[in-house]
Ligand code: DAH
């Protein structure tokens, strides 16, 4: 090979480098020139067979070609890289002004019943109440008899009870119709003094705009030696102010009847409806939110307490009811329809944990 041939080779290779349109084509050129079997590599290999006096000059010349081609390859690669990047930048454009997807924590919603449940728990916990629990599937004894509702009592009919099939001994389990059986279970399991609330699900065979077969109640129970009606009224009033986040509430204590309390009362909260908004503490509309009273001596006796030594009060509050009132949700059935649009509208952020320190619903 003559120096002229080397010049031609160099020109061919540099042309090929300049002509490579993308990184893959450039790589082919590199392999064809500098790869193991590439044209320059082959020339280098042929040096060994040359006479010593020719080898030096020819070697230097081939090396010169090699350096020139390698440099050209490097420069072309840089140019192609930059072009590829520019192309990606222009084709894969990201609109940074789009709103960021919030992810599960931001998008999930807490159901208003859960939120109100937590609000109620927070308020009573602050007053020193402990949380008690009982089973949804109850015995007739806990749901009725021990609560001073004997076999033939008309109150049993009013409860629209869901019963399970009769067992061999003739007894029937049932879905609890109220949270009051948790009073019995708590008193059976512990000695006075007691100060508990028991939030939970309850079941009645009933369904219309304000009734669903499953709904939620909170039971309250305070037993001590001198607990009286004044304490009951104060607790309920303090609760309502905290819950509705107002300085004053209008409450109406109406004489009523429950077998497990004596005397018994029903409590209404006063409100005004201004457009779609419900204002608690104003106006002259009333909504019944709970039943309450002093625990009947028979109930105390049924759990082995001595009514001449201890007494106390109890109350039962409808969670769904006061949730509707506080957050202006008109139809109870929507609570359980699992409609995402409803949940997005009325639901709460996952991190909006109600605390008294921060403000319950802020
Ligand atoms: N258990 C009653 C009901 O579901 C509500 C109730 C009334 C509970 C008076 C009480 C109470 O603890 O004292 O209708």
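Numbering (our numbering), first residue to last: -18 to 343.
The beta-carbon is built from N, C-alpha and C at its ideal position, and this holds for glycine as well.
Note that this is a predicted model, so its numbers are computed, not measured.
Contacting residues, own chain, Cβ-Cβ under 6 Å from residue 281 (five flanking each side not counted): Walking along the chain shown from the start, residue 281 turns up at place 300. 288, listed in sequence order.
Where residue 129 sits in the DSSP three-state scheme: As a first step, residue 129 must be located in the chain shown, where it is residue number 148. It is coil, neither helix nor strand.
C-beta contact flag for residue 233 and residue 270 at 7 Å: The residue given as residue 233 occupies position 252 in the chain shown. The residue given as residue 270 occupies position 289 in the chain shown. No, the pair does not count as a contact, with Cβ atoms beyond the cut-off.
Member of -16, 313 and 250 whose CA lies at the smallest distance from the CA of residue 38: Stepping through the chain shown from its first residue, residue 38 is reached at position 57. It is -16 whose Cα lies nearest to the Cα of residue 38.
Through-space distance from residue 179 to residue 115, alpha-carbon basis: Residue numbering aside, residue 115 sits at position 134 when the chain shown is read from its first letter. Residue numbering aside, residue 179 sits at position 198 when the chain shown is read from its first letter. Roughly 8 Å separates the two Cα atoms.
Unbroken beta strand (DSSP E) run spanning residue 25, endpoints: Counting from one through the chain shown, the residue named residue 25 turns up at place 44. Here residue 25 belongs to no beta strand (DSSP E); instead the alpha helix (DSSP H) covers 20 to 27.
Per DSSP, the bridge partner or partners of residue 233: The residue given as residue 233 occupies position 252 in the chain shown. 249, per the DSSP bridge assignment.
Test item: CB-CB of residue 197 and residue 185 under 7 Å: Locating residue 197 in the chain shown gives position 216, counting from the first residue. Locating residue 185 in the chain shown gives position 204, counting from the first residue. Cβ distance not < 7 Å, so residue 197 and residue 185 don't count as in contact.
Nearest residue (CA-CA) to residue 252, options 244, 262 and 155: Locating residue 252 in the chain shown gives position 271, where the first residue counts as 1. Checking every option, the nearest Cα to that of residue 252 belongs to 262.
Sufficient close CB pairs (3 or more, under 8 Å) joining the segment 139 to 158 to the segment 200 to 213: no
Under 7 Å between C-beta atoms of residue 227 and residue 294: For the purposes of this step, residue 227 is taken as residue 246 along the chain shown, with counting starting at 1. For the purposes of this step, residue 294 is taken as residue 313 along the chain shown, with counting starting at 1. It is not a contact, given that the beta carbons lie outside the stated cut-off.
Cα-Cα separation between residue 88 and residue 333, rounded to whole angstroms: Along the chain shown, read from residue 1 onward, the residue named residue 88 stands at position 107. Along the chain shown, read from residue 1 onward, the residue named residue 333 stands at position 352. Approximately 13 Å, taken between the alpha carbons.
Counterpart residues of residue 346 in DSSP-defined beta bridges: For the chain, the structure presents residues -18 to 343; residue 346 sits outside this window and is missing.
With 16 other Cβ atoms within 10 Å as the buried cut-off, status of residue 122: Residue numbering aside, residue 122 sits at position 141 when the chain shown is read from its first letter. Its Cβ having fewer than 16 others within 10 Å, residue 122 is exposed.
Chain-order list of residues whose beta-carbon lies under 7 Å from that of residue 171 (same chain, five-residue window excluded): Reading the chain shown from its first residue, position 190 is the one you call residue 171. So the list is empty, once near-sequence residues are dropped.
Those residues which DSSP pairs with residue -18 across a bridge: Within the chain shown, residue -18 is the residue found at index 1, counting from 1. In the DSSP output, where bridge partners are listed per residue, residue -18 has none listed.
Same chain, Cβ closer than 8 Å to residue -2, five either side skipped, listed in chain order: Residue numbering aside, residue -2 sits at position 17 when the chain shown is read from its first letter. Contacts found: 7, 10, 50, 53, 54 and 57.
Length of the line joining the Cα atoms of residue 62 and residue 328: The residue given as residue 62 occupies position 81 in the chain shown. The residue given as residue 328 occupies position 347 in the chain shown. Approximately 51 Å, taken between the alpha carbons.
Candidates 132, 118 and 192: closest to residue 157 by CA position: Within the chain shown, residue 157 is the residue found at index 176, counting from 1. Of 132, 118 and 192, the residue nearest in Cα terms is 118.
Residues sharing a beta bridge with residue 295, DSSP: Counting from one through the chain shown, the residue named residue 295 turns up at place 314. According to DSSP, residue 295 bridges with 202 and 274.
Outcome for residue 307 when other beta-carbon atoms lying within 10 angstroms are tallied against a minimum of 16: Along the chain shown, one-based indexing puts residue 307 at 326. Per the 10 Å Cβ criterion, buried.
Contact set for residue 309: own chain, Cβ-Cβ below 8 Å, skip 5 residues either direction: Residue mapping note: residue 309 aligns to position 328 of the chain shown, counting from 1. 257, 258 and 259.
Proximity test, residue 242 beta-carbon vs the ligand DAH heavy atom, cut-off 6 Å: Translated into positions along the chain shown, residue 242 becomes position 261. Yes; taking the cut-off as 6 Å, the Cβ of residue 242 has a heavy atom of the ligand DAH nearer than that.
Buried or exposed (CB count within 10 angstroms, at least 16 for buried), residue 160: The residue given as residue 160 occupies position 179 in the chain shown. So residue 160 ends up on the buried side.
Residues bridged to residue 269 (per DSSP): What you label residue 269 is simply residue 288 of the chain shown in a count that begins at 1. DSSP output for residue 269 lists 249 as bridge partner(s).
Nearest candidate by alpha-carbon position, reference residue 283, set 107, 169, -5 and 47: For the purposes of this step, residue 283 is identified with residue 302 of the chain shown, where counting begins at 1. That would be 169, whose Cα lies nearest to the Cα of residue 283.
Element boundaries [beta strand (DSSP E), containing residue 94]: By one-based count along the chain shown, residue 94 stands at place 113. Not the beta strand (DSSP E): residue 94 falls in the alpha helix (DSSP H), residues 93 to 107.
Heavy atom of the ligand DAH within 6 Å of residue 122 beta-carbon: As a first step, residue 122 must be located in the chain shown, where it is residue number 141. No, Cβ of residue 122 sits at least 6 Å from all heavy atoms of the ligand DAH.
Rounded separation between residue 41 and residue 48 - CA only: Here residue 41 corresponds to residue number 60 of the chain shown, with the count starting at 1. Here residue 48 corresponds to residue number 67 of the chain shown, with the count starting at 1. Near 10 Å, if we compare the C-alpha coordinates of residue 48 and residue 41.
Residue 129 and residue 279 closer than 7 Å at C-beta: Position 148 of the chain shown holds residue 129. Position 298 of the chain shown holds residue 279. Cβ atoms of residue 129 and residue 279: closer than 7 Å.
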